[in-house]
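What follows is a set of notes on a single structure, which appears directly below.
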Amino acid sequence: MAVSEDDQHPRFFRSTLFVIIIVSITAFTCPGLYYALNNLGAGGGTNPTIVNAANAIIFGVIAVSSPFIGAIVNRINPRLGLLIGSAFYTPYAGALYCADKFHTTWFLLFAAVLLGLSGAFLWISSAAILLGYCEEDRKGLAMSVKFAMQNLGGCVGAAVSLGLNIDRNYNGGVSRGTYIVFMLLMALGPIFGAMLPASKHVRRRDSKPVVVKKQPNIFREFVTLKLLLKAPAVLALIPLMIYVQWVLSYQWQFNYAYFTVRARALNSFVFYFLGLISSLGIGQVLDTPLLDRRNRAKVGFIISTLFGAAAWILAEVTQMRYSKTRPSLDFVDERYGLGAATFALWGCSDALTTTYLFWLVGTLTNDVNESALLGSIVGSTGCVGSALAFVVTVENFHLEGACSINLALFFLSVPSLFWVSFTQISSKTEGLMTVNSEEGGPVQK
Numbered sequence: 003m004a005v006s007e008d009d010q011h012p013r014f015f016r017s018t019l020f021v022i023i024i025v026s027i028t029a030f031t032c033p034g035l036y037y038a039l040n041n042l043g044a045g046g047g048t049n050p051t052i053v054n055a056a057n058a059i060i061f062g063v064i065a066v067s068s069p070f071i072g073a074i075v076n077r078i079n080p081r082l083g084l085l086i087g088s089a090f091y092t093p094y095a096g097a098l099y100c101a102d103k104f105h106t107t108w109f110l111l112f113a114a115v116l117l118g119l120s121g122a123f124l125w126i127s128s129a130a131i132l133l134g135y136c137e138e139d140r141k142g143l144a145m146s147v148k149f150a151m152q153n154l155g156g157c158v159g160a161a162v163s164l165g166l167n168i169d170r171n172y173n174g175g176v177s178r179g180t181y182i183v184f185m186l187l188m189a190l191g192p193i194f195g196a197m198l199p200a201s202k203h204v205r206r207r208d209s210k211p212v213v214v215k216k217q218p219n220i221f222r223e224f225v226t227l228k229l230l231l232k233a234p235a236v237l238a239l240i241p242l243m244i245y246v247q248w249v250l251s252y253q254w255q256f257n258y259a260y261f262t263v264r265a266r267a268l269n270s271f272v273f274y275f276l277g278l279i280s281s282l283g284i285g286q287v288l289d290t291p292l293l294d295r296r297n298r299a300k301v302g303f304i305i306s307t308l309f310g311a312a313a314w315i316l317a318e319v320t321q322m323r324y325s326k327t328r329p330s331l332d333f334v335d336e337r338y339g340l341g342a343a344t345f346a347l348w349g350c351s352d353a354l355t356t357t358y359l360f361w362l363v364g365t366l367t368n369d370v371n372e373s374a375l376l377g378s379i380v381g382s383t384g385c386v387g388s389a390l391a392f393v394v395t396v397e398n399f400h401l402e403g404a405c406s407i408n409l410a411l412f413f414l415s416v417p418s419l420f421w422v423s424f425t426q427i428s429s430k431t432e433g434l435m436t437v438n439s440e441e442g443g444p445v446q447k
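Numbering of the sequence shown is given in my numbering, commencing with residue 3 and proceeding in unit increments.
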């Protein structure tokens with residue numbers, strides 16, 4: 003039988019590399035710009051209480067809906083899930099604009115619910131596509147490019163904000179034109195999401211197609227989800243899943259509390275730029291052919307934990323000092339350096355830890371169906387942490403206490419992460435992560 007040229011040499015627009023690029027662009031336009039807005043503090047506005055409430059709703063909705071949306075994504079296909087997921091970031095930026103100009107609280111809270119549902123679709127579909135479609139030796143590349151582009155979105159958003167607010171050397175909200183620029187950029191997300199090829203058309207480098215096997219019914223999706231939740235490696239990673247999202251509330255409030263508008267924008271730019279570099283760097287380490295996968299997991303653990311420990315020890319020192327002096331720092335002030343360095347180190351640490359976490363999850367299975375459900379577990383668990391953290395912030399919890407909680411969560415996650423990294427990673431993933439039997443539970447191949 004003759005072999006077509008497409009099967010011998012997959013076209014670029016049907017390759018896993020093109021898939022990585024498209025998913026990463028949606029990460030740039032959607033969560034990247036969303037995080038950029040929030041990293042300015044109070045969603046860029048002047049009322050942190052209502053924005054913290056909106057963020058609590060967003061992450062709460064993601065936490066509750068992710069298990070169900072993971073099953074839905076497997077039924078409708080991750081491609082459609084990605085399109086749905088990228089569609090509702092623009093209304094949220096518009097709601098922030100209306101809340102700042104017209105004080106329409108209800109619209110912001112409604113948009114937060116929509117964004118929570120949309121965000122769950124986006125995160126789960128992205129995980130299913132990048133971890134399920136891509137080759138084993140490209141999973142580090144896939145996750146690092148995705149998070150690098152997400153950080154690039156933060157860089158661009160922060161640069162736009164800095165340019166529009168360069169004269170604002172005081173505390174307060176950003177100019178309203180900032181929101182309009184963000185809305186226009188976020189609107190590009192669904193356009194690029196629509197360019198993703200259907201899974202049946204995607205070819206890996208060995209010309210093998212991506213196979214998406216649906217469960218017989220949605221009930222079996224939840225059975226598989228239950229089995230995945232019982233897997234020891236997944237259970238052991240839960241503390242880290244909670245940590246990586248819990249820290250966001252404190253970091254955003256730290257930037258808002260102690261820096262002027264333009265200094266916050268500069269802090270955000272540096273944060274995301276270093277996050278971009280860190281994501282790409284650890285992605286190279288996690289895919290290097292110089293080490294087998296077991297050793298790459300160990301190196302990734304060492305890098306991410308060293309940066310995390312340094313970041314939170316420095317944060318504790320900085321927060322103790324700022325709790326006493328309560329500064330409002332501009333980037334021309336002599337005292338600006340300590341807080342800026344702390345924020346920059348968070349940019350490195352957050353990117354390293356998040357990329358490494360998703361890579362670890364990706365080593366557990368090559369199945370698209372399981373990848374979507376694992377993505378729902380990571381998203382749901384992490385957003386439980388975020389929602390609780392924002393609830394604490396809404397209650398005007400002292401930043402010094404919030405910093406101590408983050409430091410404790412990080413160090414509590416290290417032992418179980420060590421166990422997974424050093425004992426649970428195989429050189430190659432064979433078969434499914436789960437065996438769907440009523441008695442046996444999950445079995446990692």
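Just so you know, even glycine gets a beta-carbon here, dropped at the ideal spot from N, CA and C.
Quick caveat, the model's predicted, so the values are computed rather than measured.
- [ ] Report the three-state DSSP secondary structure of Leu331 (helix, strand or coil).
- [x] Strand.
Task: Reference Thr367, options Ser163, Ala235, Lys210, Val21, closest by Cα - done: Closest by alpha carbon: Ala235.
Task: Delimiting residues of the alpha helix (DSSP H) encompassing Arg81 - done: Counted as a single uninterrupted DSSP element, the alpha helix (DSSP H) harbouring Arg81 occupies residues 80-87.
Open item on the list: What does the Cβ neighbour count give for Arg13, buried or exposed, with the cut at 16 atoms within 10 Å?
Closed with: It is exposed - the Cβ of Arg13 has fewer than 16 other Cβ atoms within 10 Å.
Task: Phe412 versus His400, Pro33, Leu376, Trp314, residue with shortest Cα-Cα distance - done: Of the candidates His400, Pro33, Leu376, Trp314, the one whose C-alpha sits nearest the C-alpha of Phe412 is Trp314.
Open item on the list: So, at 8 Å on beta carbons, what are the nonlocal neighbours of Leu242 in its own chain, with the 5 sequence-adjacent residues on each side left out?
Closed with: Excluding residues up to 5 positions away in sequence, Thr355, Leu359, Ser415, Ser418, Leu419 lie with their Cβ nearer than 8 Å to the Cβ of Leu242 in the same chain.
TODO: Pull up the CB-CB distance for Ile220 and Arg81, whole angstroms please, since I reckon it's below 8 Å.
DONE: Actually they do not touch by this definition, with Cβ atoms about 19 Å apart.
Task: Exposure label - Glu372; buried when at least 16 CB within 10 Å - done: Here Glu372 is buried, its C-beta having at least 16 other C-beta atoms within 10 Å.
- [ ] Starting from Ala97, trace the alpha helix (DSSP H) both ways and give me its first and last residue.
- [x] Element bounds for Ala97: 91-104.
Task: At least 3 beta-carbon pairs within less than 8 Å: the region 299-309 vs the region 369-388 - done: Result no; under three Cβ-Cβ pairs closer than 8 Å.
Task: Identity of the residues DSSP links to Pro211 by a beta bridge - done: Its beta-bridge partners are Arg205.
Open item on the list: Assuming Gly142 is part of the alpha helix (DSSP H), what are its boundary residues?
Closed with: Boundaries of the alpha helix (DSSP H) around Gly142: 141-166.
TODO: Since I believe Cys405 is in contact with Ala311 (beta carbons under 8 Å), could you give me their beta-carbon distance rounded to a whole number of angstroms?
DONE: That pair is no contact at about 14 Å.
Task: When Ile182, Lys148, Ser67 are compared against Leu19, the one with the closest alpha-carbon - done: It is Lys148.
TODO: Could you tell me which residues DSSP pairs with Ser17 in its beta bridges?
DONE: Ser17 pairs with Arg205.
Open item on the list: Please report the straight-line C-alpha distance between Ser128 and Gly62, rounded to a whole angstrom.
Closed with: Inter-residue distance for Ser128 and Gly62 is about 20 Å (C-alpha atoms, whole angstroms).
Task: With 16 other Cβ atoms within 10 Å as the buried cut-off, status of Gly443 - done: Reliability of the predicted coordinates at Gly443 is poor, the pLDDT of 40 falling under 50, and no value is obtained from them.
- [ ] With a floor of 4 residues, list each alpha helix (DSSP H) that falls wholly inside the region 306-387, ordered by position along the chain.
- [x] Counting whole runs of 4 or more residues, the region 306-387 contains the alpha helix (DSSP H) stretches 338-364.
Open item on the list: Using the three-state DSSP reduction, which class does Phe70 fall into: helix, strand or coil?
Closed with: Three-state result, Phe70: helix.
TODO: Assign Asp102 to buried or exposed, taking buried as 16 or more other Cβ atoms, counted over all protein chains shown, within 10 Å of its Cβ.
DONE: Burial call: buried.
Open item on the list: Using only CA atoms, which one of Phe15, Thr365, Thr31 lies nearest to Leu239?
Closed with: Looking at the Cα atoms, Thr365 is the closest of the given residues.
- [ ] Determine, using beta carbons only, whether Ala353 and Asn40 come nearer to each other than 8 Å.
- [x] In this structure, Asn40 does not lie closer than 8 Å to Ala353 by Cβ.
Open item on the list: Taking a contact to mean a Cβ-Cβ separation below 8 Å, would you say Gly341 touches Phe261 in this structure?
Closed with: Contact: yes.
Task: Segment limits, alpha helix (DSSP H) that includes Pro234 - done: Segment 234-260, the alpha helix (DSSP H) holding Pro234.
TODO: Compute the distance between the beta-carbons of Pro199 and Leu85, then report whether it is under 8 Å.
DONE: In this structure, Leu85 does not lie closer than 8 Å to Pro199 by Cβ.
Task: Met188 in three-state terms, based on DSSP - done: Met188 falls in the helix class under three-state DSSP.
Open item on the list: Tell me whether Val380, by its Cβ, gets closer than 7 Å to a heavy atom of the ligand PLP.
Closed with: Here there are no bound small molecules, and the ligand PLP is not part of this structure.
Open item on the list: Check whether the region 181-195 and the region 87-97 are in contact - that is, three or more C-beta pairs closer than 8 Å.
Closed with: Yes, they touch.
- [ ] Within 10 angstroms of the Cβ of Asn167, are there 16 or more other Cβ atoms? Answer buried if so, exposed if not.
- [x] So Asn167 counts as buried.
- [ ] Report yes if the CB atom of Gly72 is closer than 8 Å to the CB atom of Leu237, and no otherwise.
- [x] Cβ distance not < 8 Å, so Gly72 and Leu237 don't count as in contact.
Task: Sub-8 Å separation of Gly387 and Ser270 beta-carbons - done: For Gly387 and Ser270, no; Cβs fall outside 8 Å.
TODO: Classify Ile427 as helix, strand or coil using the three-state DSSP reduction.
DONE: For Ile427, the secondary structure class from DSSP, reduced to helix, strand or coil, is coil.
- [ ] Could you check how far apart the C-beta atoms of Ile59 and Ala122 are, in whole angstroms? I think they sit under 8 Å.
- [x] The pair is not a contact, with the Cβ atoms about 13 Å apart (cut-off 8 Å).
TODO: Confirm, please, whether the CB-CB distance from Ser201 to Thr180 is below 8 Å.
DONE: Contact flag unset, no.
Task: Cα-Cα separation between Glu336 and Ser330, rounded to whole angstroms - done: Approximately 12 Å, taken between the alpha carbons.
TODO: Please list, in chain order, all residues of the same chain as Asn79 whose beta carbon is under 8 Å from its beta carbon, the five residues on each side excluded.
DONE: Excluding the 5 residues flanking it on each side, Asn79 has same chain C-beta neighbours closer than 8 Å at Ala200, Ser201, Val214, in chain order.
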